[in-house]
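Asks: Residues in the sequence shown are numbered consecutively from 12, following our numbering. Note that CB positions come from ideal geometry on N, CA and C, so glycine has one too. After the structure tokens below, expect a handful of questions from me.
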Amino acid sequence: MRLVCAESGLDLERSDLLAVAVEKYLVDFVACNGLQQFVGIKVASDKSVDLSEILKSKKSETTVDKNKKLTRKWRSTAKHVLQGDWKKKDSTSTSSTDKKNKSVQISIDDLVPSDMTLLQVLALNALDLTAPASDILLKNRKNNWVQLSGHEGAFALAGPGTIWKKRTSDSDTEVKAYERLMQEELADFVPCFYKEVEWRGDYYIEMEDLLHSFKEPSVMDIKMGTRTFAESEVTNTKARADLYQKMVKIDPTAPTTEENEAKAVTKLHYMTFREQQSSSSTLGFRIEALKLENSAPVKDLKLVRSLDEVLCTMGLFLSGREDCRLQLLHRLRYMRDKLEQSQFFMQHEIVGSSILIVMDKTRAGAWMIDFVKTTPIDENCTLNHRSPWDRGNHEEGYLFGLDNLIKVLEDVQTSGKMTNENKNVGHEKHSSDL
12 MRLVCAESGL DLERSDLLAV AVEKYLVDFV ACNGLQQFVG IKVASDKSVD
62 LSEILKSKKS ETTVDKNKKL TRKWRSTAKH VLQGDWKKKD STSTSSTDKK
112 NKSVQISIDD LVPSDMTLLQ VLALNALDLT APASDILLKN RKNNWVQLSG
162 HEGAFALAGP GTIWKKRTSD SDTEVKAYER LMQEELADFV PCFYKEVEWR
212 GDYYIEMEDL LHSFKEPSVM DIKMGTRTFA ESEVTNTKAR ADLYQKMVKI
262 DPTAPTTEEN EAKAVTKLHY MTFREQQSSS STLGFRIEAL KLENSAPVKD
312 LKLVRSLDEV LCTMGLFLSG REDCRLQLLH RLRYMRDKLE QSQFFMQHEI
362 VGSSILIVMD KTRAGAWMID FVKTTPIDEN CTLNHRSPWD RGNHEEGYLF
412 GLDNLIKVLE DVQTSGKMTN ENKNVGHEKH SSDL
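If you want it as structure tokens, here you go:
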């Protein structure tokens, strides 16, 4: 069935219009407290659909008048959108050709949201979608989600405020981590986990889109820990020629004399070498990627190694927003307190996880993401996440990195200059007493 908007010339499949309806009716309805009215869709010169005016306040109406209209019309509107039972504004406006093709002309101006309770809106907003969002929804999302790092194609926008993250079919490690975290106080510091989804033979994790409530956000992906590889990745002690070639391409002086003679290195040496190329080994975190407001993502930041370079990059990211810097400091200090109290955290190895910082002109937030390599340790053991890693002790330096990230935010100057306190960051004794 095809739907045609006579006023705009918009021609959409019903599934596409459903995606638009779920996005705009529900999300904007909540944001506007039910006091906004749906007035139309515009088609731009490039044929893209402009939804910026889809809900528009009519100031001439009183609040009482609006509420009466909302109450009267939403039930029929929701029925049309969700069940496909569309009606036409004027029976004479539908041509015989339209009837033959089972197309219906409708007046979008006739459809308005209701004064449903917030609970009802959220219930509809949680509708199970059977696929990632349609192209028209992706094109018109105001806060387009940006994949800063990781494998391309691993994420898809799913619906209002949600994304799908692709996972390998043979590993449910991250799903188990999210399920546990949702039961902890740490749930406030991770994206909300909704469910696991299978779609066309692939598996996805449906979770909260952290960028959804921000307007034109700047985003920074910070990889946490002094070790970002799993111990299981370096159990093979056989020297490899391919890793030797990768190493000398980065730094010809890195291999030992024996490795130069064999023209091969072990994976353990190569992985620790890679950590030393960034600030991971010295600060316990590295800036993996960032995106500034209205700019393209920058993903080649793994070689931001020195403290000066980290401070300069952080100062550039903050762009003089002192209020956002203070919000981030409060958030990260509170996160650290909760991590130190968490039984889950002390009994799990958190490898390759990131802290995602999101900031717009008015506010900032930080969340823990990426738990693909988060695995439990022996139940009789605990981790402090600050001690140096020795093979078999499972320490990865997460809290050591968080300590230093907090110090960087405490001392960073928007000019990129260091204070005297900066000189001590990352140079304290790397131990559990830090």
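Under 7 Å between the Cβ atoms of S291 and R297?
Replies: Along the sequence shown, one-based indexing puts residue 291 at 280. Along the sequence shown, one-based indexing puts residue 297 at 286. Result yes, Cβ atoms of S291 and R297 sit closer than 7 Å.
Asks: Below 7 Å CB to CB, which residues in the same chain sit around N247 once its five sequence neighbours on both sides are set aside?
Replies: Position 236 of the sequence shown, counted from the first residue, corresponds to residue 247. Taken in chain order, the residues that qualify are K278.
Asks: Can you tell me whether H341 is buried or exposed, with buried defined as 16 or more other CB within 10 angstroms of its CB?
Replies: Locating residue 341 in the sequence shown gives position 330, where the first residue counts as 1. By the 10 Å Cβ count, H341 comes out exposed.
Asks: For V259, which residues in the same chain have their Cβ closer than 6 Å to its Cβ, ignoring the five residues on either side in sequence?
Replies: Indexing the sequence shown from 1 puts residue 259 at position 248. Excluding residues within five positions, none has a Cβ falling inside 6 Å.
Asks: When the Cα of H359 is compared with those of S229, F204, S224, N391, which residue comes out closest?
Replies: Residue 359 sits at position 348 when you count from the first residue of the sequence shown. Out of S229, F204, S224, N391, N391 has the C-alpha closest to the C-alpha of H359.
Asks: I'd like to check one pair, V276 with V369: are the Cβ atoms closer than 7 Å?
Replies: Position 358 of the sequence shown, counted from the first residue, corresponds to residue 369. Position 265 of the sequence shown, counted from the first residue, corresponds to residue 276. Against a cut-off of 7 Å, the Cβ pair of V276 and V369 comes out as no contact.
Asks: Quick one: what does DSSP say K384 is sitting in, helix, strand or coil?
Replies: Counting from one through the sequence shown, the residue named residue 384 turns up at place 373. Residue state, collapsed to three classes: strand.
Asks: Please name the residue, chosen from A250, F204, E196, that lies closest to E270 on a Cα-to-Cα basis.
Replies: By one-based count along the sequence shown, residue 270 stands at place 259. Closest option to E270, Cα to Cα, is A250.
Asks: Return the Cβ separation of L413 and R347 in integer angstroms, given the expectation that the two are a contact with Cβ distance under 8 Å.
Replies: Within the sequence shown, numbered from 1, the residue matching residue 413 stands at position 402. Within the sequence shown, numbered from 1, the residue matching residue 347 stands at position 336. About 5 Å; that satisfies the 8 Å criterion.
Asks: Taking its Cβ as the centre, do 16 or more other Cβ atoms sit within 10 Å of D199, making it buried, or is it exposed?
Replies: By one-based count along the sequence shown, residue 199 stands at place 188. Label assigned to D199: exposed.
Asks: DSSP beta-bridge partners for R251?
Replies: Locating residue 251 in the sequence shown gives position 240, counting from the first residue. Per DSSP, V276.
Asks: Can you tell which of M218, L410, W210 has its C-alpha closest to the C-alpha of E351?
Replies: What you label residue 351 is simply residue 340 of the sequence shown in a count that begins at 1. With distances taken between Cα atoms, E351 lies closest to L410.
Asks: Of all Cβ atoms in chain B, is any one closer than 7 Å to the Cβ of R211?
Replies: Here chain B cannot be found, since the structure has a single protein chain.
Asks: Report the rounded CA-to-CA distance for P399 versus G408, giving the unit in angstroms.
Replies: Locating residue 399 in the sequence shown gives position 388, where the first residue counts as 1. Locating residue 408 in the sequence shown gives position 397, where the first residue counts as 1. Spanning the two alpha carbons is a distance of roughly 7 Å.
Asks: Where does H359 sit, in a helix, a strand or coil, going by DSSP?
Replies: On the sequence shown, position 348 is the one that residue 359 refers to. In the structure shown, H359 sits in a strand (DSSP, three-state: E or B).
Asks: Report the rounded CA-to-CA distance for G212 versus L394, giving the unit in angstroms.
Replies: Walking along the sequence shown from the start, residue 212 turns up at place 201. Walking along the sequence shown from the start, residue 394 turns up at place 383. Using only the alpha carbons, I get a separation of about 37 Å.
Asks: Whether or not the stretch 381 to 388 and the stretch 212 to 229 are in contact is what I'm after, with contact meaning three or more pairs of Cβ atoms, one per stretch, closer than 8 Å; do they touch?
Replies: The stretch 212 to 229 vs the stretch 381 to 388: no contact.
Asks: How would you call L222, buried or exposed, if buried means at least 16 neighbouring beta carbons within 10 angstroms?
Replies: Residue mapping note: residue 222 aligns to position 211 of the sequence shown, counting from 1. Counting Cβ neighbours within 10 Å, L222 comes out buried, since at least 16 surround it.
Asks: Might you give, ordered along the chain, the residues of its own chain that have their beta carbon closer than 7 Å to the beta carbon of S107, omitting 5 neighbours on each side?
Replies: As a working note, residue 107 is residue 96 in the sequence shown. Reliability fails at S107, whose pLDDT of 40 lies under 50, so the model's placement of it is uncertain and the value that follows must be treated cautiously. Cβ within range, chain order: n/a, list empty.
Asks: Pick helix, strand or coil for G376, following the three-state DSSP scheme.
Replies: The count along the sequence shown starts at 1 and reaches residue 376 at position 365. It is a strand residue.
Asks: Give me whichever residues DSSP pairs with Y345 in a beta bridge.
Replies: Numbered from 1 along the sequence shown, position 334 holds the residue referred to as residue 345. Paired residues: none, contrary to the question.
Asks: Could you tell me the alpha carbon to alpha carbon distance between Q288 and I261, rounded to whole angstroms?
Replies: Counting from one through the sequence shown, the residue named residue 288 turns up at place 277. Counting from one through the sequence shown, the residue named residue 261 turns up at place 250. Using only the alpha carbons, I get a separation of about 9 Å.
Asks: Identify, in the order they occur along the chain, each residue of the same chain with its Cβ nearer than 8 Å to the Cβ of R344, setting aside the five sequence neighbours on each side.
Replies: Mapped onto the sequence shown, residue 344 falls at position 333. Hits under 8 Å: I417.
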